[in-house]
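The structure appears below as C-alpha cells.
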Amino acid sequence: MIPFDLTRWFRRRMLLLTVLTAIVIQVSAPTAYYLAKRHELWLEARSFATQTAGLLRSEIEQQNGLWQYNTPKLTERLASEGLLSGRHLVIRTADNQAVSVFADPLPIRPLWGRADTHVQGDRVARVYVALDMGPLLRTTLWLGFSFAGLSLLVGALLYVLPVFAVSTAQRRIERLLAELALAMQEEDRRRIARELHDGVGQALTAARLKIMTLEAHPALADLSKLLDDALMDIRRSVERLSPLSLSDLGLSEALHRHCESFSAATGLSVFCEVDELPPLSAQLETACYRIVQESLTNTAKHAHAKRAWVQLRVEEDHLLLAVYDDGRANTPTLVWGQGLRGISERARLLDGNASISLDKNGSLRVEVTLPIHANTTVPIQKR
Amino acid sequence: MRIYILLYALCFFGCAGDLPPPPVALSKPFVERQGTLRLAGTGAMVPLAKRLSTWWGETGGQPQIVVEEGMGSGGGIRAAYDGAIDLGMVSRAWTDDEARLGLGRVVVGQDVVGFAAHPLVPLAGFSSRELPALFEGERRMLPDGNWLVPLLRDRAESAHAALDGVAPGLRNAREEAYRQKRWRVLYSDSAMAQALASTPGSVGVFSMSFLVAEQLPLKMMRIDGISPTVETILAGGVAPTRELCFVFRKDRRARVEPFLRFITDANIQKRFASIGYVPRSEPAP
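Line by line, the protein sequences are chains A and B. Per the working numbering, residue 148 is the first one in the first sequence, and the count goes up by one each step. Per the working numbering, residue 411 is the first one in the second sequence, and the count goes up by one each step.
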C-alpha cells in the first residue's frame with residue numbers, strides 16, 4: 148500500500164477542473180447564441196425603424212406640418228404589407244409628442260431599435276420599433292438546458308476517465324511494490340539461510356568432525372551432543388527460511404517433507420494430499436509452500452488440535468489449497484495477525500483469494516484459490 | 411449556480427439595443443393663428459375646399475383659407491380636436507371615440523362614389539352582381555386584349571361604406587382581397603387617380619365628384635346601368651353617395667362661423683353641382 152493516496156489527490160484536483168469545464172461548456176454556447184441573436188434582432192428592429200422613417204419622410208414632405216395626423220394610414224400600409232406583425236411601433240415628433248399609430252401591443256421583453264426622420268437637415272420625427280425578445284430567451288433557455296446535459300456528460304467523462312486511469316495505475320503500482328517486497332523478503336531469507344548453512348553450519352560440522360577424532364572423554368560426549376543439537380537447529384532454521392527441498396524436489400515432495408518434519412517437531416499429526424501438479428511458476432510454488440507453512444504454524448499455536456490436513460488439488464486452471472484441523476479454537480482467538488494477513492496478501496498478489504474461517508466446532512480452515520497462470524511482474528528466482 | 415445567474419444577468423442587461431422612447435412631453439398649448447383658416451381632412455373634399463376657398467376669396471372673405479393635402483377623415487377629426495387646424499373635412503360617420511370628442515359638425519354636401527377606370531377600358535360599367543367577383547380574383551380579359559386590373563383603396567376609405575350597400579358581398583370580397591394581398595392598395599385619392607390613369611385595364615373605387623372637380627382623364631363606370639353622377643342624383647335617381655361635413659372645436663365656433671355660413675348659403679350651394687358635388691339637402695343651420 149502506498150502511504151500517499153494518489154487517486155484521492157488526483158480526484159480532488161480533477162473535480163475542480165471538471166466543474167469549471169462543465170460551467171464553461173454550459174454557459175458559453177447559449178451565451179454566444181443569445182448575444183448573436185440579440186444583435187440580429189436589434190439590427191432587424193433598427194432596419195425596420197429606418198424603413199418606416201423613410202416612408203414617414205415622404206408623408207411629412209406632403210403634409211406640411213400635419214403629417215402626424217396621417218400616420219394611421221402609414222401604419223395600415225405597413226400592416227397590410229405584413230411589416231408590423233410582431234412589432235410594436237412608436238412614432239414621436241421632434242419635441243417628443245406622441246403620434247397615434249396602430250401596431251401590435253408592446254411585448255413583455257422588448258428590444259428597441261430606432262431611426263430618425265430628417266427633412267431639410269432637421270429632425271422631424273423619431274421612429275421606435277420594439278421586437279419581442281421572449282422567443283429568443285425561451286430558445287436560449289432551452290439551449291442552456293441542452294448544454295447542461297452535454298456539460299454533465301462531458302464533465303463526467305472528463306472526471307471519470309482520468310480518475311479511473313490513475314486509480315488503475317495506483318493499483319498496479321501497489322501490486323508491483325508488494326511483489327517487490329515479497330521477492331526481496333524471499334531473497335533475504337535465502338541469503339540468511341545460505342549464510343547459516345555455509346557459514347555457521349559448516350563450522351559446526353567441522354568442529355563435530357574434529358571432536359570425533361579426539362580421544363574419548365566424558366566431556367567430549369556432552370560437547371558432541373550440544374553440537375548435534377545446534378546443527379539440527381540450524382538445519383531447521385535454514386529449512387524454514389528457505390525451503391531447500393522446494394527447488395530440489397518440487398512443491399509436492401516439499402509439502403510432504405514439511406508436513407512430516409512439522410509433525411515430528413510439534414507432535415501434530417499432519418496428513419498431506421497433493422494432486423499430480425502441472426509445471427508451476429516459482430512464485431506459485433513458493434506461495435503454496437509459505438501458506439501451508441504459515442497455516443500449520445497457526446494451527447499449532449492456537450488451535451489446540453491433534454490432527455491437521457493439507458490438501459492441494461488441481462481444478463481446471465486453478466489450484467485449490469486447503470489446510471484445516473480438528474482443533475477447538477475459540478472465535479476470539481482468530482485474530483488477523485501478520486501470518487493470516489500474509490496468506491491473504493500472497494493470494495491477492497497472484498490474483499487468487501483466500502478464505503480463513505473457524506467452523507462451529509472451532510476448527511480452523513484456510514482455503515486458498517490460486518490461478519495457475521497468474522500475472523506477476525517481479526520474478527522470484529529459483530535456487 | 412451563482413456564476414451562471416451572474417453571467418446571464420450580464421448578457422441580459424449589458425447587450426446592444428436602443429433606448430426605449432422617453433415619456434411623452436406635455437402637449438404644447440394651442441396657439442391660435444390669426445389671419446388664416448386652416449382646412450384639412452379627407453381627400454374627397456380637397457377639390458371642394460379649394461373651390462370654396464377661391465369663392466370665399468372672391469367675395470372678400472376673411473381670414474384667408476388654407477387647404478392642406480388630404481390626410482383622411484380620421485386625421486381631419488384628430489387635427490381639429492388638437493387645434494392644429496380650424497376645420498376638419500370628414501366624409502364618413504363618426505366612430506364612437508370620435509363622437510365623444512365633442513366637436514361641432516356641419517354637413518356641407520355629398521359626393522358621388524363609384525368605380526373609375528382607365529380611360530381606354532372598353533366597358534361601360536358593371537352589374538352589382540359582377541362587382542364582388544372583380545375583387546375575388548376572377549381573371550377577366552377585356553375585349554381589347556388587356557386584363558381587367560382591380561385596384562384597392564385602403565380599409566379606411568369612406569367610399570367603401572356607400573358602395574357596400576349597392577353590391578352585397580363586395581365587403582367580404584374586398585376584405586379577402588386585403589388578406590390575400592391580391593391587388594395593389596392605394597392610400598389616397600390622388601394616388602388612386604395616378605394609378606388608374608397609368609394602368610391599362612385598371613378599375614378602382616373613386617370619388618366621382620373628385621374626378622369631375624379635378625377634371626381627371628378617367629372613365630366613370632356605370633353600376634347596373636346607372637351613371638354615378640351629380641346629374642343622376644339631382645334628377646331623383648339613386649347612386650352611392652357619402653355625406654361631406656366640416657368639424658370644428660366648439661370653442662372656435664366664432665372663428666369658423668362666417669365661413670360655415672358662407673358655404674351653406676343657398677347661392678353657394680347651387681354652385682356645387684358645377685364642380686361635381688351634390689349640395690346639402692338639409693336647410694342651412
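We put the CB at the ideal spot given by N, CA and C, even for glycine. Note that the coordinates shown come from a computational prediction; the quantities given were computed from them, not determined experimentally.
query: Tell me which residues share the same chain as A:Gly-348 and place their Cβ nearer than 8 Å to its Cβ, disregarding the 5 neighbours each side in the sequence.; result: Leu-378, Ile-381, Arg-382 and Val-385
query: Between B:Val-640 and B:Val-522, how many whole angstroms is the CB-CB distance? I'm expecting something under 8 Å.; result: 6 Å
query: Give a yes or no on whether the minimum CB-CB distance between B:Ala-490 and chain A is below 7 Å.; result: no
query: Taking only three categories from DSSP, how would you classify A:Arg-273?; result: strand
query: If we call anything under 7 Å between Cβ atoms a contact, is A:Val-597 one with A:Val-470?; result: Beyond the ends of chain A as shown, which are 148 and 530, falls residue 597 of chain A; an answer cannot be given.
query: Excluding five sequence neighbours on each side, which residues of the same chain lie with their C-beta closer than 6 Å to the C-beta of B:Val-559?; result: Thr-609, Gly-611 and Ser-612
query: With DSSP as the reference, label A:Pro-177 as helix, strand or coil.; result: helix
query: Quick one: give me the first and last residue of the alpha helix (DSSP H) that A:Gln-332 is part of.; result: 281 to 342
query: Rank A:Trp-259, A:Leu-221 and A:Thr-168 by C-alpha distance to the C-alpha of B:Tyr-597 and give the top, closest one.; result: A:Leu-221
query: List the residues of chain B whose Cβ lies closer than 8 Å to the Cβ of A:Glu-223, in chain order.; result: Asp-564, Arg-565, Ala-566 and Tyr-597
query: What is the DSSP secondary structure of A:Gly-486, reduced to helix, strand or coil?; result: helix
query: Are the C-beta of A:Asp-251 and some C-beta of chain B separated by less than 7 Å?; result: no
query: Ignore the nearest five residues each way along the sequence and tell me which others in A:Glu-223's own chain have a CB closer than 8 Å to its CB.; result: Phe-249
query: Would you give the residue range spanned by the alpha helix (DSSP H) that A:Thr-446 belongs to?; result: 429 to 449
query: At the level of alpha carbons, what is the spacing between A:Leu-356 and A:His-364?; result: 15 Å
query: My guess is that B:Leu-447 and B:Ile-475 are in contact by the Cβ rule of under 8 Å, so how many angstroms apart are they, rounded?; result: 5 Å
query: Counting contacts by CB-CB distance shorter than 7 Å, is B:Gly-445 in contact with chain A?; result: no
query: Residue ranges of each alpha helix (DSSP H) run of no fewer than 4 residues wholly in the stretch 481 to 541 of chain B, ordered along the chain?; result: 482 to 492 and 506 to 509
query: Within a Cβ cutoff of 7 Å, which residues of the same chain sit near A:Ala-401, ignoring the five residues on either side of it in sequence?; result: Pro-390, Ser-392, Leu-393 and Tyr-436
query: Could you pull out every residue in the same chain whose Cβ sits closer than 7 Å to the Cβ of B:Ala-566, ignoring the five residues on either side in sequence?; result: Gly-482 and Gly-484
query: Just to confirm the assignment, what range does the beta strand (DSSP E) spanning A:Ser-416 have?; result: 416 to 421
query: Is the Cβ of B:Val-434 closer than 7 Å to any Cβ of chain C?; result: The chain labelled as chain C is not found among the protein chains of the depicted structure, namely A and B.
query: Over the uninterrupted beta strand (DSSP E) stretch that includes A:Ile-238, give me the two end residues.; result: 234 to 240
query: So, A:Asp-251 versus A:His-265, is the Cβ gap smaller than 7 Å?; result: no
query: Let me confirm a value: B:Thr-469 is counted as buried when at least 16 other C-beta atoms fall within 10 Å, else exposed. Which label applies?; result: exposed
query: If contact means a Cβ-Cβ distance below 8 Å, which residues of the stretch 566 to 591 of chain B contact chain A?; result: Ala-566, Tyr-588 and Lys-591
query: Which chain B residues are close to A:Ser-194, counting only those with a beta carbon under 8 Å from its beta carbon?; result: The contacting residues do not exist; A:Ser-194 stays about 12 Å from chain B at best.
query: Decide if A:His-520 is buried, meaning its Cβ has at least 16 other Cβ atoms within 10 Å, or exposed.; result: exposed
query: Quick one: what's B:Tyr-588 bridged to in DSSP?; result: In DSSP, B:Tyr-588 forms no bridge with anything.
query: So with CB distances below 7 Å, who are the chain B contacts of A:Lys-220?; result: Gly-482, Asp-564, Ala-566 and Tyr-597
query: Quick check: what's the CA-CA separation for A:Leu-487 versus A:Ala-447?; result: 14 Å
query: Would you kindly check if the distance between the Cβ of A:Leu-517 and the Cβ of A:Gly-489 is under 7 Å?; result: no
query: Of all the CB atoms in chain A, is at least one closer than 7 Å to the CB of B:Asp-554?; result: no
query: Would you call the CB atoms of B:Val-516 and B:Ala-569 closer than 7 Å?; result: no
query: Taking DSSP as the reference, what is the three-state secondary structure of A:Leu-467?; result: strand
query: Using the beta-carbon of each residue, which ones in chain B are nearer than 9 Å to A:Trp-156?; result: The contacting residues do not exist; A:Trp-156 stays about 26 Å from chain B at best.
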